[in-house]
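Colleague:
Protein chains in written order, with our numbering: chain A, 4 to 276; chain B, 102 to 900.
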């Protein structure tokens, strides 16, 4: 009987104990992108903007020790300014498709790490035509059409790439002209907030319409091959206040993303009709 | 495994004794002729005995003489004594007992006429008397499941669901049987009570864990409900009313003593008259729904309308007794909840915008049972049952243009649909062979075919889920109950073949009860349990009707698993019971579903990735102190428990407390009889349930140069809500006139209007509301509360 009481007592004690949780407010946010064939210069560390604190913007971390491990060799990154960005000044750290890269960060004796693999470059990227002709919509036109900004003869181009396995790709268009001319009056752009933004896709085509562009000029269409960890950034957009899902991350003991991407480009000229 | 199975059966069988006088009988209610299940029948001189089966039959072996005296006790009935005569041993003898207590204070068997619950000798098994529930405070309706929530080991703080959280389990892990019909959803009126009409149920057997091999398919507990067969002696009518609904029960014998019939129906009048009780209850759930809409989970709130809501349930049972040993019954059950929250707004002369918001859910079931007491030793029953749970939810917007004549024509519309249908066809055969007074062998088979459809379409275009599933479970079991001296043991094995996985699953079970010294016994149970169908929880305050069931496939949806370990002790005399049970439950194949999808390329995303699998561990101990007789009866229950989950892809793989984890829960239930008045009160105190709180936010610049904001939550469920407590009170006056009897009373839920918190709502404030200047972001918390003070009036008339 005494033993039975002792067992119950032990059970009581065990059930009453609670674990000490780590300090969540000091989590480090990693924003680290490796671009195939380019220098490593897009690594940023910031602090979490903790609720109830004094900060209104996230504070950069400029005194962390950051290493990229590639093929068994460690490459120490340097902090070049006070905005939390780090780069590797040498040329011996190369971002090559198919290679695995490890990120290691030490900050205030707190270690975080992450792994990524550089995906293969998209192949055989094609575009249905290299020029789109758009109608300039003047201030007067805008008033006359009662705000209807749809061109009378809409145009489009289709960008294609092989994707037999349904992998993730990501497409953007960037105006690379030195002089940029707006298609719409400035105040309309300001009011309607035109903003082209694609999202990761498992399709093998992407269609650009007139409305995706706000400027004339030479554009570079970039088709990125992206990893799951980059896609996860998008799946975390709709955080539900009831389920309170934590954003997905591949950073161990931290937040954010460490990922490698590779891309291919095709030119597109956006011209006046 | 073979050794284990061999041990289980050796554990049960021992030596055999041969009877001199064997009594075969049946127990019935004296007033109605209703057969009474699970009644204790014991020999007065030795207190050795047996219990009736579900049809009221029993066989008592080895009576020392044909003039022995037996005692019969049953929950809600007085203790009865019968002096046997040699004639009683000629064939089957019917014993009639009545609810009024007889003064038999000298015996070591207590009068159970005032008891609401009775702990059986088996570990974790409780009998509940539905008739006594009407004396306890209620939330508008007398409810069996709310009664079960007053037991230790069952959460009594889940006001928004009638579902049972039993020893760390979730409501979908409970096997709910109504005359053999498998019921899949028990939330009626937004979960405030269950769909089972307490006036149509005569017996409830509740297994909190460690249940025997004859039950399977669920991980946590069993609620075995037996409906009344109806008055077999004379027609009777009962009408019950309260501030939500009207309830009628008609019972009648069939012509030529063929049997009896019972029809019970309950319907709310909430779509015609909104009583203060209804408004109180509805306002609470609609406040939560409004909160959900404000957070962007729905559309609405722009045009306030009175929602159209009603619920009903119907029980019917026809019982035929073609012979003394045959019982054939047909049982029908239907329950439905219907909420129409549709609203329309006129858009000037252009037309109108209609927001459709309809929710409809319910159960339908039928069963046909044939049971026969073939010989005094052999009884069997066969049940063919059909059960259907259906839940339809529609939320949409329709834009109409209006012509000069005022006619509307639909311009365009979008809608979101969540429909789930679960169909269950079960054939069940259970046989009991009473080898002798020491050994009872049970064996049988359950064959269940499930058909499930689940459709979840967003805005007419995104098929989140479109599943049609079918599967059959073939189960067989064999168990032996052995009573040798002070030791009672039960060992069994259940084997199931599940067609979607094409695998066989074995579930051994063991339990024991040992009377160590007078009035003191120790008990225990161990068992393996499997579940082949999962209910996926989608947070929704309106009745949980957006939860959905899916069959296991062995991959994305695993066959879930549990192992129970129970060890306890009980001290019981005529007046008091002190019961303690410690338990551990290891579970695997737990499922969580997260709608964490983005706006990209939705048609191509593999939504099976939204399912997360994990394991759980429950440790707990239940205490029960019960006062069984006298003017003041009741019990104190206390539970200390811990429920931990581990999901490799949630919370970075770290163990976290389950959402229903509650460390301490104490319940005080008391009932005082003063003449024709019964004053009853319940008080519940529980420590807070866990929740997850946001800690901060961060930003990531994406490849296209855009910046995205993310909210970082702390460790999952690492914070605790404030403690929960609530006092309920009821006063019932029982009356009896020459032509009728009944009761009338008033009940107060949450008497001191405690503002218990259901969950917290978070709002991120980044600008000063007065100056609109940026400020350090801070989280503003809003407490969404549970029910406040709710009064209710009720009356019952029985003719």
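Ideal Cβ positions, reconstructed from N, Cα and C, are used throughout, including at glycine.
Is there a Cβ from chain B that is less than 7 Å from the Cβ of residue 59(A)?
Modeller: Yes, residue 59(A) lies at the interface with chain B (some Cβ there is under 7 Å from its Cβ).
Colleague: Out of 261(A), 39(A), 126(A), which has the shortest C-alpha to C-alpha gap to residue 207(A)?
Modeller: Checking every option, the nearest Cα to that of residue 207(A) belongs to 126(A).
Colleague: Could you tell me the distance, in whole angstroms, from the CA atom of residue 798(B) to the CA atom of residue 350(B)?
Modeller: If you take the alpha carbons of residue 798(B) and residue 350(B), they lie about 59 Å apart.
Colleague: Between residue 748(B) and residue 440(B), what straight-line distance do the alpha-carbon atoms span, to the nearest angstrom?
Modeller: Whole-angstrom Cα-Cα distance: 36 Å.
Colleague: Any residues in the stretch 247-270 of chain A with a beta carbon nearer than 7 Å to a beta carbon of chain B? Which ones, in chain order?
Modeller: Cβ contacts with chain B: 247, 248, 249, 250, 258, 259, 260, 264.
Colleague: Is it right to say residue 101(A) is buried, meaning 16 or more other beta carbons lie within 10 angstroms of its own, or is it exposed?
Modeller: Looking at its Cβ environment, which holds fewer than 16 other Cβ atoms inside 10 Å, residue 101(A) is exposed.
Colleague: Should residue 897(B) go down as buried or exposed, given a rule of 16 or more other Cβ atoms within 10 Å for buried?
Modeller: Buried: at least 16 other Cβ atoms inside 10 Å.
Colleague: For a contact defined as C-beta to C-beta under 9 Å, what are the partners of residue 798(B) on chain A?
Modeller: Ordered by position in chain A, the residues that pass the 9 Å Cβ test against residue 798(B) are 51, 52, 53, 54, 61.
Colleague: I need the straight-line Cα distance from residue 820(B) to residue 761(B), nearest angstrom please.
Modeller: Cα-Cα distance, rounded: 13 Å.
Colleague: Can you tell me whether residue 260(B) is buried or exposed? The criterion is at least 16 other CB atoms within 10 Å of its CB, across all chains shown.
Modeller: So residue 260(B) ends up on the buried side.
Colleague: With a cut-off of 8 Å, do at least 3 Cβ pairs link the stretch 78-96 of chain A to the stretch 114-130 of chain A?
Modeller: Too few Cβ pairs lie closer than 8 Å, so no.
Colleague: Can you find a CB in chain A that lies within less than 7 Å of the CB of residue 813(B)?
Modeller: Yes, residue 813(B) lies at the interface with chain A (some Cβ there is under 7 Å from its Cβ).
Colleague: Rounded to whole angstroms, what's the CA-CA distance from residue 198(B) to residue 177(B)? Just pull it up for me.
Modeller: Taking the straight line from one Cα to the other gives about 11 Å.
Colleague: Taking a cut of 9 Å between CB atoms, which residues from the stretch 773-804 of chain B lie near chain A?
Modeller: Per Cβ criterion, the list reads 792, 793, 794, 795, 796, 797, 798, 799, 800, 801, 802, 803, 804.
Colleague: Using the three-state DSSP reduction, which class does residue 744(B) fall into: helix, strand or coil?
Modeller: Three-state DSSP puts residue 744(B) in a strand.
Colleague: What residues of chain A sit near residue 875(B), judged by a beta carbon separation below 8 Å?
Modeller: Those are 59, listed as they occur along chain A.
Colleague: For the alpha helix (DSSP H) that residue 247(B) lies in, which residues bound it at each end?
Modeller: Run containing residue 247(B): 245-249, per the alpha helix (DSSP H) assignment.
Colleague: Report all residues from its chain with a CB closer than 6 Å to the CB of residue 794(B); omit the five preceding and five following residues, and keep chain order.
Modeller: So the list reads 815, 820, once near-sequence residues are dropped.
Colleague: Mind checking which residues open and close the beta strand (DSSP E) that includes residue 483(B)?
Modeller: Looking at the DSSP string, the run of the beta strand (DSSP E) that includes residue 483(B) is 479-503.
Colleague: Identify the continuous beta strand (DSSP E) that holds residue 795(B) and give its terminal residues.
Modeller: Residue 795(B) -> beta strand (DSSP E) spans 795-802.
Colleague: Alpha carbon to alpha carbon, what distance is there between residue 152(B) and residue 423(B)?
Modeller: Distance between the alpha carbons of residue 423(B) and residue 152(B): 24 Å.
Colleague: For a quick check, are the C-beta atoms of residue 221(B) and residue 230(B) less than 7 Å apart?
Modeller: It is not a contact, given that the beta carbons lie outside the stated cut-off.
Colleague: Mind listing, in chain order, the continuous beta strand (DSSP E) runs of no fewer than 3 residues lying wholly within the stretch 69-110 of chain A?
Modeller: 76-79, 88-90, 103-110, all fully within the stretch 69-110 of chain A.
Colleague: Take the Cβ of residue 357(B) as the centre, count every other Cβ of all protein chains shown within 10 Å, and call the residue buried at 16 or more, exposed below.
Modeller: Residue 357(B) comes out exposed.
Colleague: Express the C-alpha separation of residue 258(A) and residue 807(B) in angstroms, rounding to a whole number.
Modeller: Approximately 18 Å, taken between the alpha carbons.
Colleague: For residue 882(B), name the three-state secondary structure that DSSP assigns.
Modeller: Of the three classes helix, strand and coil, the one that applies to residue 882(B) here is strand, per DSSP.
Colleague: Could you check what DSSP says for residue 149(A) in three-state terms: helix, strand or coil?
Modeller: Because the pLDDT of residue 149(A) is 48, which lies under 50, any placement of that residue in the model is unreliable, and the question is left without a value.
Colleague: Within the same chain, show all residues whose beta-carbon is closer than 7 Å to that of residue 674(B), passing over the 5 residues directly before and after it, in chain order.
Modeller: Only 620 meet the Cβ criterion.
Colleague: Can the beta-carbon of residue 671(B) be found closer than 7 Å to that of residue 622(B)?
Modeller: Yes, Cβ-Cβ distance for residue 671(B) and residue 622(B) is below 7 Å.
Colleague: On the DSSP bridge list, what partners appear for residue 63(A)?
Modeller: Its beta-bridge partners are 49(A).
Colleague: For residue 261(A) and residue 446(B), what's the separation of their Cα atoms in angstroms?
Modeller: Using only the alpha carbons, I get a separation of about 49 Å.
Colleague: Check each residue of the stretch 211-232 of chain A: if its Cβ is closer than 9 Å to any Cβ of chain B, include it; give the result in chain order.
Modeller: Listed in sequence order: 225, 227, 229.
Colleague: Considering residue 233(B), what are the terminal residues of the alpha helix (DSSP H) in which it resides?
Modeller: Residues 231-234.
Colleague: Below 8 Å on the Cβ atoms is my contact criterion, and I expect residue 332(B) with residue 133(B) to pass it. Report the Cβ-Cβ distance as a whole number of Å.
Modeller: The pair is a contact, with the Cβ atoms about 4 Å apart (cut-off 8 Å).
Colleague: Decide if residue 841(B) is buried, meaning its Cβ has at least 16 other Cβ atoms within 10 Å, or exposed.
Modeller: That one is exposed.
Colleague: Measuring CA to CA, which of 500(B), 300(B), 270(B) is closest to residue 632(B)?
Modeller: Residue 632(B) has its Cα closest to that of 270(B), out of 500(B), 300(B), 270(B).
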